[in-house]
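Trainee: Quick one: the structure is below, and I'll ask about it shortly.
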Amino acid sequence: MDFQGIHDRLQAIQAPGLQGADEPREPDPENKKDKGRFGDPFVLVDAKLLPAFLQVCRDDERLNMDLVADFTATDPAKDDENLWINVQLLSIGQKHRLAIKCMIPKANAVMPTSVPVHRSCQWHEREAAEMYGITFEGHPDPRHILLPDDWVGFPMRKDYEFPEEYHGISCK
Amino acid sequence: MGFLEKQFQENVLTTKVDWLLNWCRLSSIWPMTFGLACCAIEMMAVGCAHHDIDRFGAGAFRASPRQADLMIVAGTVNFKMAERIKRLYDQMPSPKYVIAMGACATGGGPYYKFGYTVVKGVDRVVPVDVYVAGCPPRPEALLEGLMKLQEKIQNSSVIRRPARTA
Amino acid sequence: MTSTAQETHEPTITRSDEEVVLDSGEREFMFDVRTQDMEVNFGPQHPATHGVMRILMRADGEVCTGAQPHLGYLHRCAEKIGENVEWLQYLPYTDRYDYLAAMNNNLGYSMAVEKLMGVEIPRRALMIRTICAELNRIGSHLIAFGTYGLDLGAFTPFLYMFREREWMMALFEKICGARLTYSYIRIGGVFNDAPPGWLSEVERFCDTFEEKWKEYCDLLMVNHIFVKRTADVGVIPVDMALDFGLTGPMLRGSGVDFDLRKDMPYELYDEIWKDKAFEIPVGTGEKGTLGDCWDRVYVRVMEMMESIKIVRWCLAAIEPGPVIADIPKTLRVPPGEAYVGIENPRGELGHYVVSDGGKVGVRVRVRGPSFVNLAVLEAILPGALIADAIAIIGSTDIVVGETDR
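Here you go:
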């Protein structure tokens with residue numbers, strides 16, 4: 091199925107949390123500041139309902155998204171209020187993909203965990219949590235995964251300042 | 004070598020003993036199997052048939068630090084690993100040598116500027132004898148590093164050599 | 019081995035002293051036997067972890083009762099660097115997270131940026147890219163297969179496989195000057211054309227490799243000891259594989275016929291597949307249960323031959339022409355976001371790139387297949403013998419540079 095077909099299907103089954111779709115477009119020739127948007131289309135989903143959305147995508151027989159290919163977060167800009175959650179779904183049976191984006195505010199970066207739906211989210215969520223400071227409610231194992239346990243700060247945020255030293259080893 | 008050290012004046016006997024001991028040491032350096040990153044693949048290539056580190060007597064890769072003389076730090080060192088490297092180094096019996104293989108182990112390499120967890124050179128954690136440049140170094144470069152180390156060992160002496168470890 | 023053991027508190031079995039009378043009338047005295055769960059640190063410096071990874075295993079005697087992988091001993095901040103350097107400057111960093119398959123990483127990253135830019139790649143460049151990616155797949159599988167033999171106590175295949183790998187690296191050295199970290203596949207094509215005589219040498223390599231490959235199969239795949247160590251060990255059922263998001267040989271070893279080159283083709287693979295030039299090997303459960311270690315290794319070994327077929331197809335079809343599209347030296351990538359997944363030797367290598375129209379990326383995300391495939395250890399190690407744990411970890415074929423990035 092192409093993106094349009096998937097989006098129609100999602101609307102038809104009233105997938106929980108579906109907020110809209112964003113498709114690439116050419117730049118507006120009249121507005122010179124507009125550079126357009128390129129790349130992949132994606133659907134916007136409410137972060138609070140992401141696990142339910144993933145479950146619907148997995149269980150619906152025509153969508154059949156049985157694999158979470160990627161689950162990550164993005165900090166779009168230093169002065170942006172939101173973080174993005176980016177999920178890439180893949181269907182082994184139907185051979186199509188779907189990109190999902192959720193917005194969560196930086197000030198209160200809390201969202202429910204998707205581990206009960208897909209266990210592959212477990213490590214991805216741990217990584218997103220330590221790198222961006224997102225709290226996944228109900229995560230079974232919320233420890234650091236790549237960074238040391240006593241690491242301070244969230245390195246992948248745009249306003250992160252590099253440490254001066256760590257355990258007596260200078261970083262300069 | 005503890006009890007021999009600084010016991011004798013230099014004379015023809017001790018220099019011959021020196022020569023013999025150094026020759027023994029440099030001809031049977033046992034490296035530790037310690038691959039960190041990309042350079043480890045080149046280290047494996049050095050151990051295999053084409054380049055064959057065994058020609059220099061250093062082919063017996065030991066899995067345990069307690070049996071090894073040489074630690075080849077092959078790859079990027081980060082803070083999480085740095086403590087372990089220190090511990091492994093401490094477990095090695097004296098005399099012990101360290102080769103920093105590749106740009107990352109020498110000074111952070113390509114991760115110097117933005118690598119927030121990368122130690123900028125393994126010499127901030129353990130003393131290094133030979134630095135091998137390259138990212139990753141060719142196997143020949145590592146072999147040259149090994150020969151430089153052998154030169155260094157050849158020129159050391161049980162009489163004049165200061166104690167390495169505190 | 020730097021394993022440390024520490025006692026944990028609860029004894030699992032306690033038998034009191036008692037006298038037992040056997041059927042034969044003999045009397046035997048049972049001693050107080052207490053077994054305890056033990057926590058064993060496996061790694062980070064251990065030859066069988068293929069790099070620096072630590073697995074905290076709980077062992078009840080010989081049986082592993084729990085496993086917890088600890089990563090991050092090689093975390094090199096690749097994603098943060100992607101947000102700070104220019105688009106083209108990031109290319110060398112892609113070499114270094116999966117250092118066994120650097121060509122495939124170059125390809126994945128280039129394709130993601132090209133998707134945003136909408137560049138048309140010259141056909142000869144596509145051919146050379148495919149040849150390089152497939153040769154690199156062979157090289158990667160050779161290491162995976164060779165070191166797997168090493169883990170299980172077979173030293174000879176490792177030396178044999180490095181012989182072929184040295185030749186393959188010499189081929190890459192001729193085309194781009196580097197043995198391991200190539201940066202050869204660039205955004206818009208490849209960095210330079212193949213030198214004269216290179217393609218015919220690739221053909222000679224293919225001829226030789228086919229013979230040697232049969233040797234490997236005889237040496238290891240049907241070796242009785244090897245089969246005993248790998249068959250029925252570390253079985254991953256299909257639903258578990260999907261739940262953990264496994265891809266690549268890990269998924270195909272469980273019998274799922276899914277390969278991005280066939281099912282969601284990119285670049286030239288559509289044409290090659292329609293020509294029926296290659297097949298997708300899947301696990302069959304021939305020596306044991308479907309989805310065991312043997313099946314995963316089998317898939318990798320068979321894939322090497324399929325890669326040779328793809329290379330041969332490209333060698334037959336390649337024609338002279340330009341090898342790189344006309345792109346400026348300082349790239350300004352149009353705003354937008356794109357995800358491209360390609361079939362790496364280990365599975366789906368995904369690059370998610372976000373641009374705001376500037377010289378530097380907003381986000382360069384790498385979905386490393388090793389990172390995802392490794393998570394399954396938590397589920398399949400419990401219940402296995404400690405000796406089999408080595409076989410299971412080896413069969414996941416991880417590259418730690420990619421799990422930690």
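Protein chains in written order, with this note's numbering: chain A, 91 to 262; chain B, 4 to 169; chain C, 19 to 423. Backbone N, C-alpha and C fix where the C-beta goes; we use that ideal spot for every residue, glycine too. All of these numbers come straight from a predicted model, not from anything done at the bench.
Judging by CA-CA distance, which residue of C:Asn123, C:Leu399 and C:Gly79 is the nearest neighbour of methionine 417 of chain C?
Mentor: Locating residue 417 of chain C in the third sequence gives position 399, counting from the first residue. For the sequence presented, residue 417 of chain C should be read as valine rather than methionine. Of the candidates C:Asn123, C:Leu399 and C:Gly79, the one whose C-alpha sits nearest the C-alpha of valine 417 of chain C is C:Asn123.
Trainee: Measuring CB atoms only, is the region 87 to 94 of chain C touching the region 116 to 128 of chain B, in the sense that at least three cross pairs come out at less than 8 Å?
Mentor: Flag = yes, the region 87 to 94 of chain C and the region 116 to 128 of chain B touch.
Trainee: Kindly list, in the order they appear in chain A, the residues whose Cβ is closer than 8 Å to that of arginine 127 of chain B.
Mentor: Locating residue 127 of chain B in the second sequence gives position 124, counting from the first residue. Chain A residues near arginine 127 of chain B: Ile259 and Ser260.
Trainee: Is the shortest distance between the beta-carbon of cysteine 332 of chain C and the beta-carbons of chain B less than 8 Å?
Mentor: In the third sequence, counting from the first residue as 1, residue 332 of chain C sits at position 314. Not an interface residue.
Trainee: Compute the distance between the beta-carbons of isoleucine 203 of chain C and serine 128 of chain C, then report whether it is under 8 Å.
Mentor: In the third sequence, the residue the question calls residue 203 of chain C occupies position 185. In the third sequence, the residue the question calls residue 128 of chain C occupies position 110. In contact: isoleucine 203 of chain C and serine 128 of chain C (Cβ atoms closer than 8 Å).
Trainee: Given 8 Å as the limit, is there contact between the region 126 to 136 of chain B and the region 100 to 116 of chain B, that is, 3 or more CB pairs closer than that?
Mentor: Contact holds: three or more Cβ-Cβ distances are below 8 Å.
Trainee: If you measure from the beta carbon of leucine 134 of chain C to each beta carbon in chain B, is any gap under 8 Å?
Mentor: If you number the third sequence from 1, residue 134 of chain C lands on position 116. Output row for leucine 134 of chain C: interface = no.
Trainee: Beta-carbon of phenylalanine 143 of chain A versus every beta-carbon of chain B: anything under 8 Å?
Mentor: Your numbering for residue 143 of chain A matches position 53 in the first sequence. Output row for phenylalanine 143 of chain A: interface = no.
Trainee: Determine which residues share a DSSP beta bridge with asparagine 172 of chain A and list them.
Mentor: Here residue 172 of chain A corresponds to residue number 82 of the first sequence, with the count starting at 1. DSSP lists A:Pro195 as partners of asparagine 172 of chain A.
Trainee: Report the residues of the region 72 to 97 of chain B with a CB closer than 8 Å to any CB of chain A, ordered along the chain.
Mentor: Flagged, chain order: Phe82, Lys83, Ala85 and Glu86.
Trainee: Consider the Cβ of phenylalanine 180 of chain C: report whether some Cβ of chain B lies at a distance smaller than 8 Å.
Mentor: Looking up residue 180 of chain C in the third sequence gives position 162. Chain B contact via Cβ: present.
Trainee: What does threonine 36 of chain B touch in chain C if you count any residue whose Cβ is under 7 Å from its own?
Mentor: By 1-based counting over the second sequence, the position of residue 36 of chain B is 33. Pro65, listed in chain order.
Trainee: DSSP on cysteine 51 of chain B, reduced to helix/strand/coil?
Mentor: Within the second sequence, numbered from 1, the residue matching residue 51 of chain B stands at position 48. Reduced to three states, the DSSP call for cysteine 51 of chain B is coil.
Trainee: For glycine 111 of chain B, which residues from the same chain have a beta carbon less than 7 Å from its beta carbon, with the 5 sequence-adjacent residues on both sides left out?
Mentor: In the second sequence, residue 111 of chain B corresponds to position 108, counting from 1. These residues qualify, in order along the chain: Gly118, Val121, Lys123 and Gly124.
Trainee: If the cut-off is 8 Å on Cβ atoms, which residues from the region 88 to 104 of chain C count as contacting chain B, listed in chain order?
Mentor: Answer in chain order: Gly90, Tyr91, Leu92, His93, Arg94, Cys95, Lys98, Ile99, Asn102 and Val103.
Trainee: Give the range of the beta strand (DSSP E) segment to which arginine 69 of chain B is assigned.
Mentor: In the second sequence, residue 69 of chain B corresponds to position 66, counting from 1. Unbroken run through arginine 69 of chain B: none, as it is neither H nor E.
Trainee: I'd like to know if phenylalanine 59 of chain B contacts chain C, where contact means its C-beta is closer than 8 Å to some C-beta of that chain.
Mentor: Taking the first residue of the second sequence as 1, we reach residue 59 of chain B at position 56. By this cut-off, phenylalanine 59 of chain B is not an interface position.
Trainee: With the cut-off set at 8 Å, would you say alanine 397 of chain C and methionine 258 of chain C are in Cβ contact?
Mentor: As a working mapping, residue 397 of chain C is identified with position 379 in the third sequence. As a working mapping, residue 258 of chain C is identified with position 240 in the third sequence. Yes, they are a contact pair.
Trainee: Consider the Cβ of proline 29 of chain C: report whether some Cβ of chain B lies at a distance smaller than 8 Å.
Mentor: Start at 1 with the first residue of the third sequence, and residue 29 of chain C comes out as number 11. Residue placement at proline 29 of chain C cannot be trusted, given a pLDDT of 46 that sits under 50; what the coordinates show is reported in the next sentence. Output row for proline 29 of chain C: interface = no.
Trainee: Does chain C have any CB closer than 8 Å to the CB of glutamine 109 of chain A?
Mentor: By 1-based counting over the first sequence, the position of residue 109 of chain A is 19. Answer no: the Cβ-Cβ gap between glutamine 109 of chain A and chain C never drops below 8 Å.
Trainee: Name the chain B residues that come within less than 8 Å of proline 253 of chain A, Cβ to Cβ?
Mentor: Sequence index remark: in the first sequence, residue 253 of chain A carries index 163 (1-based). Within chain B, the residues near proline 253 of chain A are Tyr119.
Trainee: Would you give the residue range spanned by the beta strand (DSSP E) that threonine 162 of chain A belongs to?
Mentor: Numbered from 1 along the first sequence, position 72 holds the residue referred to as residue 162 of chain A. Its beta strand (DSSP E) spans residues 157 to 164.
Trainee: Regarding glycine 301 of chain C and the ligand NAP, is the C-beta to nearest heavy atom distance less than 7 Å?
Mentor: For the structure depicted, the ligand NAP is absent and the ligand set is empty, with no information on it obtainable.
Trainee: Pick helix, strand or coil for threonine 225 of chain A, following the three-state DSSP scheme.
Mentor: Within the first sequence, the letter at position 135 stands for residue 225 of chain A. Of the three classes helix, strand and coil, the one that applies to threonine 225 of chain A here is strand, per DSSP.
Trainee: To the nearest whole angstrom, what separates the beta carbons of threonine 162 of chain A and arginine 383 of chain C, a pair I think is in contact under 8 Å?
Mentor: To locate residue 162 of chain A, count along the first sequence from 1; it is residue 72. To locate residue 383 of chain C, count along the third sequence from 1; it is residue 365. Right, their Cβ atoms sit about 5 Å apart.
Trainee: So proline 140 of chain B is in the alpha helix (DSSP H); what residue range does that whole segment cover?
Mentor: Here residue 140 of chain B corresponds to residue number 137 of the second sequence, with the count starting at 1. Per DSSP, proline 140 of chain B belongs to no alpha helix (DSSP H) and is neither H nor E.
Trainee: So, is the C-beta of isoleucine 44 of chain B closer than 8 Å to a C-beta in chain C?
Mentor: In the second sequence, residue 44 of chain B corresponds to position 41, counting from 1. Yes - at least one Cβ of chain C is within 8 Å of the one on isoleucine 44 of chain B.
Trainee: Please state the DSSP three-state secondary structure of threonine 414 of chain C.
Mentor: Locating residue 414 of chain C in the third sequence gives position 396, counting from the first residue. In the structure shown, threonine 414 of chain C sits in a helix (DSSP, three-state: H, G or I).
Trainee: Considering only their Cβ atoms, is the gap separating arginine 423 of chain C from glutamate 191 of chain C smaller than 8 Å?
Mentor: For this step, residue 191 of chain C is matched to residue 173 along the third sequence. For this step, residue 423 of chain C is matched to residue 405 along the third sequence. No.
Trainee: Please name the residue, chosen from C:Lys294, C:Ser413, C:Gly61 and C:Cys332, that lies closest to glycine 164 of chain C on a Cα-to-Cα basis.
Mentor: Taking the first residue of the third sequence as position 1, residue 164 of chain C is located at position 146. Here the closest residue by C-alpha is C:Ser413.
Trainee: Report yes or no: do three or more beta-carbon pairs, one from the region 85 to 96 of chain B and one from the region 64 to 75 of chain B, lie closer than 8 Å?
Mentor: They touch, by the three-pair rule.
Trainee: Using a Cβ-Cβ cutoff of less than 7 Å, which residues in the same chain neighbour alanine 356 of chain C once the five nearest sequence positions on both sides are dropped?
Mentor: Here residue 356 of chain C corresponds to residue number 338 of the third sequence, with the count starting at 1. Excluding residues within five positions, the ones whose Cβ falls inside 7 Å are Ala130, Lys133, Leu134 and Val371.
Trainee: Using a Cβ-Cβ cut-off of less than 7 Å, give me the residues of the region 377 to 397 of chain C that come near chain A, in sequence order.
Mentor: Within the region 377 to 397 of chain C, the qualifying residues are Val380, Arg381, Arg383, Arg385, Phe389, Val390 and Ala393.
Trainee: Please tell me whether arginine 155 of chain C and serine 325 of chain C are closer than 8 Å, where the distance is taken between their beta carbons.
Mentor: For the purposes of this step, residue 155 of chain C is identified with residue 137 of the third sequence, where counting begins at 1. For the purposes of this step, residue 325 of chain C is identified with residue 307 of the third sequence, where counting begins at 1. Against a cut-off of 8 Å, the Cβ pair of serine 325 of chain C and arginine 155 of chain C comes out as a contact.
Trainee: Which residues in chain A sit within 8 Å of valine 122 of chain B, going by Cβ to Cβ distance?
Mentor: Here residue 122 of chain B is taken as the residue at index 119 of the second sequence, counted from 1. Neighbours of valine 122 of chain B on chain A, chain order: Ile259.
Trainee: Sorted by chain position, which residues of the same chain lie with C-beta nearer than 6 Å to threonine 307 of chain C's C-beta, five sequence neighbours on each side aside?
Mentor: For the purposes of this step, residue 307 of chain C is taken as residue 289 along the third sequence, with counting starting at 1. Same-chain partners within the cutoff: Asp250 and Val253.
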